[in-house]
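> Attaching a single structure in structure tokens format; questions to follow.
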């Protein structure tokens, strides 16, 4: 039987040649989530809506061929507005909301509770690496529940409708969808990370996110103010409303609000910048008590 | 470039060199122009609470930007090459730090990956270092059930996983029971003496430094109070004796002082510091000179260890 030396041995292996420093944080965070069955179920659930849309798309495109032309009129408008609708559908929104809140609320708070930040920053990592890694965890799930199914849906639509005229009409959809997803990740992800870096209790962080993002009382307040004053611009204080506005602008479809999308873009830029600034300030590798 | 040549610590003159290093927390200056040059090996960093030990470690890791002065670690400038330094350093922090939701193996491997190790290498190496620190059998256990000693060992494992050239230990034996402390110090001794890894051990436990280090740096109020090899203490040890007896002990003390030695009363006796290396001869000569008026019942070689140096330097 061989006898192994269990004393300390120097390590002569090679480090990764071009490491993306935040990759282990992202990888670890995602693995930790997907090993819990509830999140897998949630993800499958999030794919049901695009699947249903796919079936609808199929029947609308091939209504006559499959013999349901009498029941389902052939819908000729599977254009940009269709893809805008699927990217911003209630089902997508719900999936984003659940993943951001459930996965993101404890991402930094838990590290702070367990003093893990000093372990991270004793390694060759910058604050940006840490933020990118944590944001990447949120991003991975948003991509999985929003971008991937809807891009597959777009490919499906292209495959169903041969012809250059249809492609010419919707070629921009994946680009607009990608840009919208990036914006969605930046806004929702950085907001939850900012709150997670301030708070310590995940449930409070989740509730705060929902309120600030635009659900709950804020939505009512905005509607009330709009009703009283007659100005739609009050909608600018609701992050969700601004996202829909900029999303519609990106897809080139009818805007849901009256104000200019550049104003919404500015508001979102302030939110993203503010959240990033806050997270950077809060993830001190060394907490100094004066 | 990430893939850099391993620093051959033994070829460096100093593992840590600072010039006029100043560190502030807000308006409060914590390090006042610290100038040090630490040679490779095991260095004990001693000082009372608030002396600036932890601040010095954080500064040389690049976690706190210095207010003035410069510091070089393993030949790299802290201000410009902090990441390169951290790639070659392992830190065992003072406070408890765990990455939640992992067992010891996952956390140690994760620490390796954060430094840039490939996933498979990090896992393999994590097994090795966990066995080395004595957590081999419990490496799959939930960290929530770990004792204080096991947590300390785990912190050491995550600091060693990438095989650093310099290990910084901040109070590594804090909260450990005597056997655990002995085991931890044994590991530190082995790493520094047999494996070519330099160690900086920050502690307020003087015995820890005596048992593991070959140099000691004493900080007081953010300044260097003393820096010397620990080996020197053993030379001094031969010259100090604690005497207990009866009769004219005060006269004996006065006689020794007159002949150029030091003598001061201690509990039940006298502590004598001889200024020459004649062994105990001056004491016996003094006894003869007193013609039996003083009688020595007990003479013990006193341990003038780091404790006395520490008290002397910081008083």
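Chains as they are written, first to last, in the numbering used here: chain A, 259 to 548; chain B, 20 to 334.
Even for Gly, the Cβ is constructed at its ideal location relative to N, Cα and C.
Please state whether the Cβ-Cβ distance between residue 513 of chain A and residue 441 of chain A is less than 8 Å.
Against the first chain, residue 513 of chain A aligns to sequence position 255. Against the first chain, residue 441 of chain A aligns to sequence position 183. No; because the gap between Cβ atoms is not below 8 Å, this pair is not in contact.
> For residue 463 of chain A, which three-state DSSP category applies?
Walking along the first chain from the start, residue 463 of chain A turns up at place 205. Residue state, collapsed to three classes: helix.
> Whole alpha helix (DSSP H) runs in the region 430–498 of chain A with 4 or more residues, listed along the chain?
431–442, 448–456, 460–471 and 475–487
> Within 8 Å (strictly less), CB to CB, does residue 72 of chain B reach chain A?
Looking up residue 72 of chain B in the second chain gives position 53. No, no contact with chain A.
> Assign residue 137 of chain B to one of three DSSP states: helix, strand, or coil.
Here residue 137 of chain B refers to the residue found at position 118 when the second chain is read from its first residue. DSSP places residue 137 of chain B outside both helix and strand once states are collapsed to three, so it counts as coil.
> Can you list the beta strand (DSSP E) stretches of 3 or more residues lying completely in the region 168–223 of chain B, in chain order?
185–189 and 217–222
> Looking only at C-alpha atoms, which of B:92, B:289, B:305 and B:286 sits nearest to residue 279 of chain B?
As a first step, residue 279 of chain B is located in the second chain; it is residue number 260 there, counting from the start. Considering only alpha carbons, the answer is B:305.
> May I have the straight-line CA-CA distance separating residue 143 of chain B from residue 125 of chain B, to the nearest angstrom?
The residue you call residue 143 of chain B lines up with position 124 of the second chain. The residue you call residue 125 of chain B lines up with position 106 of the second chain. Spanning the two alpha carbons is a distance of roughly 11 Å.
> Looking at residue 516 of chain A: is its Cβ nearer than 8 Å to the Cβ of residue 490 of chain A?
Along the first chain, one-based indexing puts residue 516 of chain A at 258. Along the first chain, one-based indexing puts residue 490 of chain A at 232. Yes, the Cβ-Cβ distance between residue 516 of chain A and residue 490 of chain A is below 8 Å.
> Three or more C-beta pairs under 8 Å: does that hold for the region 168–187 of chain B against the region 133–148 of chain B?
yes
> Whole angstroms is fine: what's the gap from residue 273 of chain A's alpha carbon to residue 499 of chain A's?
Residue 273 of chain A sits at position 15 when you count from the first residue of the first chain. Residue 499 of chain A sits at position 241 when you count from the first residue of the first chain. If you take the alpha carbons of residue 273 of chain A and residue 499 of chain A, they lie about 46 Å apart.
> Compare the Cα-Cα distances from residue 184 of chain B to each of B:152, B:92 and B:71 and report the closest residue.
The count along the second chain starts at 1 and reaches residue 184 of chain B at position 165. Ranking B:152, B:92 and B:71 by Cα distance to residue 184 of chain B puts B:92 first.
> Strictly under 8 Å for the Cβ-Cβ distance: is residue 378 of chain A near chain B by that measure?
Walking along the first chain from the start, residue 378 of chain A turns up at place 120. So yes, residue 378 of chain A belongs to the interface.
> At 8 Å on the CB atoms, spell out the chain A contacts of residue 170 of chain B, in chain order.
One-based indexing of the second chain puts residue 170 of chain B at position 151. Simply none; closest approach about 11 Å.
> Report yes or no: is there a C-beta of chain B within less than 8 Å of the C-beta of residue 381 of chain A?
As a first step, residue 381 of chain A must be located in the first chain, where it is residue number 123. Chain B, which has a Cβ nearer than 8 Å to the Cβ of residue 381 of chain A, makes this yes.
> In this structure, how does DSSP classify residue 151 of chain B when only helix, strand and coil are distinguished?
What you label residue 151 of chain B is simply residue 132 of the second chain in a count that begins at 1. Collapsing the DSSP output to three states places residue 151 of chain B in a helix.
> Check each residue of the region 146–173 of chain B: if its Cβ is closer than 7 Å to any Cβ of chain A, include it; give the result in chain order.
147, 150 and 151
> Against chain B, which members of the region 393–410 of chain A pass a CB distance test of less than 9 Å?
none
> So with Cβ pairs under 8 Å, would you call residue 266 of chain A a contact of chain B?
Here residue 266 of chain A refers to the residue found at position 8 of the first chain. True, the Cβ-Cβ gap to chain B drops below 8 Å.
> Please tell me whether residue 254 of chain B has its Cβ less than 8 Å away from any Cβ of chain A.
Position 235 of the second chain holds residue 254 of chain B. Any reading at residue 254 of chain B must be qualified, since the residue scores a pLDDT of 43, below 50, and its modelled position is unreliable; the value itself is stated next. Not closer than 8 Å to any Cβ of chain A, the Cβ of residue 254 of chain B fails to qualify, so no.
> Should residue 96 of chain B be flagged as near chain A, meaning a C-beta pair shorter than 8 Å?
Numbered from 1 along the second chain, position 77 holds the residue referred to as residue 96 of chain B. Closer than 8 Å: no.
> At 4 residues or longer, and completely inside the region 227–274 of chain B: list those alpha helix (DSSP H) runs for me, N to C.
Complete alpha helix (DSSP H) runs here, min 4: 251–256.
> Could you tell me the distance, in whole angstroms, from the CA atom of residue 510 of chain A to the CA atom of residue 343 of chain A?
Indexing the first chain from 1 puts residue 510 of chain A at position 252. Indexing the first chain from 1 puts residue 343 of chain A at position 85. Each residue's Cα considered, the two are about 12 Å apart.
> What residues of chain B sit near residue 539 of chain A, judged by a beta carbon separation below 7 Å?
Looking up residue 539 of chain A in the first chain gives position 281. Neighbours of residue 539 of chain A on chain B: none; closest Cβ ~15 Å, over 7 Å.
> Thinking just about the alpha-carbon of each residue, which of B:75, B:214, B:247 and B:236 is nearest to the one in residue 65 of chain B?
One-based indexing of the second chain puts residue 65 of chain B at position 46. Considering only alpha carbons, the answer is B:236.
> With respect to the beta strand (DSSP E) encompassing residue 56 of chain B, which residues constitute its N-terminal and C-terminal limits?
Locating residue 56 of chain B in the second chain gives position 37, where the first residue counts as 1. 47–57 is the extent of the beta strand (DSSP E) around residue 56 of chain B.
> Verify whether the separation of the beta carbon atoms of residue 313 of chain B and residue 264 of chain B is less than 8 Å.
Locating residue 313 of chain B in the second chain gives position 294, counting from the first residue. Locating residue 264 of chain B in the second chain gives position 245, counting from the first residue. Yes, Cβ-Cβ distance for residue 313 of chain B and residue 264 of chain B is below 8 Å.
> For residue 114 of chain B and chain A, any beta-carbon pair shorter than 8 Å?
Position 95 of the second chain, counted from the first residue, corresponds to residue 114 of chain B. So, interface residue.
> Can you tell me whether residue 103 of chain B is helix, strand or coil according to DSSP?
Working through the second chain from its first residue, we reach residue 103 of chain B at position 84. Three-state result, residue 103 of chain B: helix.
> Would you call the region 462–481 of chain A and the region 356–365 of chain A touching, i.e. three or more CB-CB distances under 8 Å?
yes
> Look up residue 37 of chain B in the DSSP assignment and give the residues it is bridged to.
On the second chain, position 18 is the one that residue 37 of chain B refers to. BP columns for residue 37 of chain B point to B:55 and B:90.
> Give a yes or no on whether 8 Å exceeds the smallest Cβ distance from residue 209 of chain B to chain A.
Numbered from its first residue, the second chain carries residue 209 of chain B at position 190. Yes, contact with chain A.
> Could you tell me the alpha carbon to alpha carbon distance between residue 531 of chain A and residue 378 of chain A, rounded to whole angstroms?
Indexing the first chain from 1 puts residue 531 of chain A at position 273. Indexing the first chain from 1 puts residue 378 of chain A at position 120. In a straight line, the C-alpha of residue 531 of chain A is about 24 Å away from that of residue 378 of chain A.
> Could you pull out every residue in the same chain whose Cβ sits closer than 7 Å to the Cβ of residue 266 of chain B, ignoring the five residues on either side in sequence?
Taking the first residue of the second chain as position 1, residue 266 of chain B is located at position 247. 312, 313 and 314, listed in sequence order.
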